[in-house]
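Those letters in the sequence shown? Residues 1 to 661, per UniProt numbering, in order.
Glycine included, every Cβ here is placed at the ideal spot set by N, Cα and C.
Just so we're clear, the structure is a prediction, and the values are computed from it rather than from any experiment.
To start, the structure under review is shown below, and the notes come after it.
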Amino acid sequence: MKRLGFILGTLTALFYLAIQVASLSNYGVNWDEPTHFGRGHAILHFFLTGNKDYKQLTEKENIRRSFYQSDAYTFNVFEKKFAQAAPLTVGNHPPLSGFFAAIFNKIFYQKLAILGDIESYHLYSIVISSAFIGILFYFVHDVYGLFAAVVAAISLITHPLFLGESRFNIKDVPEASYFGITLVCFYYAMTKKNLKWLLATVIFFGLGLATKLNILFVLPIMLLWGVVAGIKKTKILSVLILVFFVGGIIFFASWPMLWASPVVRILKVLTYYKTIGTNTHFDPQYLTIFRLNSYALQWILYSTPLVTLFFSFLGFVQVVRNRSSFLVLLWFLTPIARVTLPNTNIYGGVRQIMEYIPPMAILSGIGAAAMVSWLKNKRGKLKTVFQMIIILSFVPITMKMIQMHPNESVYFNPIIGGLKGAAQRGIPGWGNSLGSTYRQGVGWLNAHAEKGAKIATVFGLRSNIPLIDLRPDIDFQNKYRSGIYRDGEYIIDVTHEGTQEHLYLRKYLDRFLVPVYELTVDSVPLLKIWKNDLEHTKPFYKSEERILWNVNSVVQDERKIDIDIGKVLQITQLTVFYNTRTFCALPAKGYVEYSVDNEHWLRAVNDLTSSPLSSWFKPQPEPGILQFLFAAEPVRFIRLFIHDETSCLLRGPVWVWVNYL
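What follows is the structure, encoded as structure tokens:
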């Protein structure tokens, strides 16, 4: 039976691997990965050569080199950043995933040239996740039987978050895999009293610790399960100490940036995790009794396929009722509990606690097997028919994943009305695929943009779109954001929740222009491309601007200026003229609020003197003039808050006019 489980588990892993490899090119980088790829290559180069820069590579001709193996990502650069790091500096996750991804890039892109630059990095994640699926199948088959193993594997393979992000998330998916492999190995080490399984436990814990610190939560799971399973406390504690000690060595050895100042830099890593894992700023709609945070629980309820949700619920009931499978229960509950307890937090969905997905799949297998066992005629044809019906019940979610490809990870189930319902409800993090969708937009630009086209993003960094993905003649620089000046550039960006919807440029694009391309899933736009010219401007916004020279009133107060335009207008610019002859300071710090009724006020995102179009618009073209842009906002009342009491805006009279449509 165990040999059968091994064979079927291997075949399942290979099947999943083949599907993933065949579709790798459809997924782009996520916006965290450039740093991870660069740091991984810097460490790999350091281990191979002892060098902390790429000067020797630069001197060699005809060398195949990764886009991310650049002078912007050298060992020296990362070490310097680490030494100066604030708590939230990018790169404070351990580097092992980036290091392994760099090895895969070195082999499959640079040496063998059988995969693309980006695809070779992502191969690491799918190899680890595929291997884990095989191990999970073997474990479930061994403990719960063949049918439970089949359903568990299907539940994991069709889970949208696990399936989708296996191809563009080299951090959370490998961590969930190492987390699960560690627990499976620990189970066999304790039940079979086998040193090989114990060695595997230690190694995979170390690999997980060097990926993300989430794996520390396997330690209380091991302890509690060991106590309940009747294993001697001294033995459990000895194993836990060994696991933690050897894991710590792997963690430290894989991160050479720590070596110069271990204590100080490890404390910075811990501070980083404390900062992102605990937070006093919670969305109050998710806080319940005793300030328990229900955000993760609601996400799981709304984003898990209904069939998996149903069978895992049955499995949960079965496990609790029979007090069996305590290890799986702890494995499932612990990741969720750590972001549900008071003063804990999570953002952007549940990818940061992806460790809960594999045990949920196991519970699904247990539940399905339990349902079959409830039939009276267990050995008759009815049992086989019912097993087939259960397996076929996964066909709808499989077809849905095919339909959504390559955007599987943004799935929401019918309980909330799909992705469209989640967007309408304003679920924080809906539609967020970490920028992987940029590649689909870039594909459209490469096919349709004119030669020499200029492109920019709304708010994203240039690193979000690898230059190697773009046609060579396309010029990608964010200085081309021209806004209302309409210089003809293409603007591309993601449009899911939390994508700077209140920025001037985003409001301008949504209000003034008709997109030339929209990437939609379930009728919800996840990415848009605009052509910023008159041809693609909506008819109303093609009209020439007018100027209101005399506003109704301007009242200067101690720290603010109240402006009443006199009526509601769709204004595009506010211009304030002030006297600089008196001894005063030029406007520097402050902000703008506006209203249509003098009761309900909105604050503009940009500060008083910051430019939303840095290369095109100057808030203070010369002393005595202050300008502020609006994206054709309906406005009657404007309030300028000035932080400096010596500002020229407060020391003398001001004159105001507004541009409007």
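If you draw a straight line from the C-alpha of residue i to the C-alpha of residue j, how long is it?
{"i": "Asn407", "j": "Thr191", "result": "41 Å"}
{"i": "Ile397", "j": "Gly348", "result": "23 Å"}
{"i": "Gly443", "j": "Tyr273", "result": "36 Å"}
{"i": "Lys531", "j": "Arg471", "result": "17 Å"}
{"i": "residue 719", "j": "Leu341", "result": "Look at the range of the chain in this structure, 1 to 661, and you will see that residue 719 is not part of it."}
{"i": "Gly5", "j": "Ile133", "result": "12 Å"}
{"i": "Leu314", "j": "Val243", "result": "34 Å"}
{"i": "Ser261", "j": "Val269", "result": "12 Å"}
{"i": "Arg425", "j": "Ala585", "result": "46 Å"}
{"i": "Gly91", "j": "Tyr591", "result": "For Gly91, the predicted structure reports a pLDDT of 47, less than 50, and the residue's modelled location is therefore unreliable. A value from the coordinates is still provided. Roughly 33 Å between the two C-alpha positions."}
{"i": "Gly452", "j": "Pro612", "result": "25 Å"}
{"i": "Phe217", "j": "Phe162", "result": "20 Å"}
{"i": "Ile561", "j": "Val555", "result": "6 Å"}
{"i": "His45", "j": "Thr457", "result": "32 Å"}
{"i": "Gly431", "j": "Met360", "result": "22 Å"}
{"i": "Glu450", "j": "Thr275", "result": "45 Å"}
{"i": "Val658", "j": "Thr575", "result": "6 Å"}
{"i": "Pro87", "j": "Arg265", "result": "Confidence at Pro87 is low in this model, with a pLDDT of 48, below 50, so its placement is unreliable and the value that follows should be read with caution. Going by the C-alpha atoms only, they are around 11 Å apart."}
{"i": "Lys52", "j": "Leu146", "result": "51 Å"}
{"i": "Ser614", "j": "Phe104", "result": "40 Å"}
{"i": "Thr344", "j": "Ala337", "result": "9 Å"}
{"i": "Leu650", "j": "Ser25", "result": "58 Å"}
{"i": "Trp197", "j": "Tyr178", "result": "14 Å"}
{"i": "Gly483", "j": "Ile391", "result": "53 Å"}
{"i": "Tyr16", "j": "Lys111", "result": "25 Å"}
{"i": "Val173", "j": "His159", "result": "12 Å"}
{"i": "Glu489", "j": "Pro539", "result": "19 Å"}
Grab the span of the beta strand (DSSP E) containing residue i for me, first residue to last.
{"i": "Pro515", "result": "That residue, Pro515, is in no beta strand (DSSP E); it is neither H nor E in DSSP."}
{"i": "residue 711", "result": "Outside the displayed range of the chain (1 to 661) lies residue 711, so it cannot be described from this structure."}
{"i": "Glu593", "result": "590 to 595"}
{"i": "Gly421", "result": "Premise fails: Gly421 lies in the alpha helix (DSSP H), 418 to 425, not in any beta strand (DSSP E)."}
{"i": "Tyr578", "result": "560 to 578"}
{"i": "Ile547", "result": "546 to 548"}
{"i": "Trp601", "result": "601 to 603"}
{"i": "Thr537", "result": "Here Thr537 belongs to no beta strand (DSSP E), and DSSP marks it neither H nor E."}
{"i": "Thr457", "result": "454 to 457"}
{"i": "Val555", "result": "553 to 556"}
So the alpha helix (DSSP H) residue i belongs to, where does it begin and stop?
{"i": "Tyr490", "result": "No alpha helix (DSSP H) contains Tyr490, which is instead part of the beta strand (DSSP E) from 490 to 494."}
{"i": "Ser303", "result": "295 to 303"}
{"i": "Gln440", "result": "438 to 448"}
{"i": "Gln20", "result": "2 to 22"}
{"i": "Val350", "result": "Where Val350 is concerned, there is no enclosing alpha helix (DSSP H), given that its DSSP letter is neither H nor E."}
{"i": "Trp530", "result": "Trp530 -> not in any alpha helix (DSSP H); beta strand (DSSP E) instead, spanning 524 to 531."}
{"i": "Arg39", "result": "33 to 49"}
{"i": "Tyr478", "result": "A small fix is needed here, since residue 478 is Asn in this sequence, not Tyr. That residue, Asn478, is in no alpha helix (DSSP H); it is neither H nor E in DSSP."}
{"i": "residue 670", "result": "Given a span of 1 to 661 for the chain in the structure shown, any question on residue 670 remains unanswerable."}
{"i": "Leu220", "result": "Rather than Leu, the amino acid found at residue 220 in this sequence is Pro. Here the alpha helix (DSSP H) through Pro220 covers 218 to 228."}
{"i": "Asn105", "result": "96 to 105"}
{"i": "Ser238", "result": "233 to 253"}
{"i": "Ser364", "result": "357 to 373"}
{"i": "Asn76", "result": "75 to 83"}
Relative to the alpha-carbon of residue i, which residue among the options has its alpha-carbon at the smallest distance?
{"i": "Ile547", "options": "Leu527, Lys567, Gln573", "result": "Gln573"}
{"i": "Leu445", "options": "Leu467, Trp430, Pro428, Leu112", "result": "Leu467"}
{"i": "Ser393", "options": "Val21, Met399, Ser25, Val307", "result": "Val307"}
{"i": "Glu622", "options": "Phe641, Leu608, Thr580, Trp657", "result": "Thr580"}
{"i": "His93", "options": "Gln352, Ile336, Phe168", "result": "Gln352"}
{"i": "Ala369", "options": "Glu355, Gln387, Glu633, Leu382", "result": "Gln387"}
{"i": "Leu330", "options": "Phe311, Leu363, Ala42", "result": "Leu363"}
{"i": "Pro220", "options": "Leu240, Thr234, Gly483", "result": "Leu240"}
{"i": "Gly248", "options": "Arg603, Phe204, Leu224, Ala604", "result": "Phe204"}
{"i": "Leu509", "options": "Phe326, Tyr286, Ile492, Tyr54", "result": "Ile492"}
Which ranges does the alpha helix (DSSP H) cover as unbroken runs of at least 4 residues, wholly within the segment 609 to 659, from first to last along the chain? Within the segment 609 to 659, the complete alpha helix (DSSP H) runs of at least 4 residues are 648 to 651.
Which full runs of the alpha helix (DSSP H) of 4+ residues lie inside the segment 305 to 335, going along the chain? Given a length threshold of 4 residues, each whole run of the alpha helix (DSSP H) inside the segment 305 to 335 is given here in chain order: 306 to 322.
Are three or more beta carbon pairs between the segment 191 to 208 and the segment 296 to 303 nearer than 8 Å? As far as the Cβ criterion goes, the segment 191 to 208 does not touch the segment 296 to 303, which means the pair count is below three.
Three Cβ pairs or more, each shorter than 8 Å: is that satisfied between the segment 473 to 487 and the segment 423 to 437? The segment 423 to 437 and the segment 473 to 487 do not touch, with fewer than three beta-carbon pairs separated by less than 8 Å.
I'd like to know if the segment 31 to 42 and the segment 134 to 153 are in contact, where contact means that at least 3 CB-CB pairs between them fall below 8 Å. Pairwise C-beta distances place the segment 31 to 42 out of contact with the segment 134 to 153, as fewer than three of them are shorter than 8 Å.
Touching by the beta-carbon criterion (3+ pairs, under 8 Å), the segment 220 to 233 and the segment 111 to 128: Judged by Cβ distances under 8 Å, the segment 220 to 233 makes no contact with the segment 111 to 128, as fewer than three pairs qualify.
Could you tell me whether the segment 90 to 107 touches the segment 206 to 224, using the rule of 3 or more Cβ pairs below 8 Å? A contact exists between the segment 90 to 107 and the segment 206 to 224.
If we count Cβ pairs, one from each stretch, closer than 8 Å, do we get three or more for the segment 124 to 131 versus the segment 60 to 80? Three or more Cβ pairs closer than 8 Å define a contact, and the segment 124 to 131 falls short of that threshold against the segment 60 to 80.
Touch check for the segment 568 to 582 and the segment 517 to 527: three-plus C-beta pairs under 8 Å? By the criterion of at least three beta-carbon pairs nearer than 8 Å, the segment 568 to 582 is not in contact with the segment 517 to 527.
The segment 175 to 188 touching the segment 45 to 54, judged by at least three CB pairs closer than 8 Å: No, they do not touch.
Using 8 Å as the cut-off, can you tell me whether the segment 162 to 171 makes contact with the segment 19 to 31, which would need three or more C-beta pairs spanning the two stretches below that distance? In short, these stretches touch, since the Cβ pair count reaches three.
Segments of 4+ residues assigned as alpha helix (DSSP H) that fall wholly inside the segment 391 to 421: Fully enclosed alpha helix (DSSP H) runs of 4 or longer: 395 to 404.
Could you say if the segment 592 to 608 and the segment 637 to 646 meet the contact criterion of at least three C-beta pairs nearer than 8 Å? Contact between the segment 592 to 608 and the segment 637 to 646 is present: 3 or more CB-CB pairs across the two stretches fall below 8 Å.
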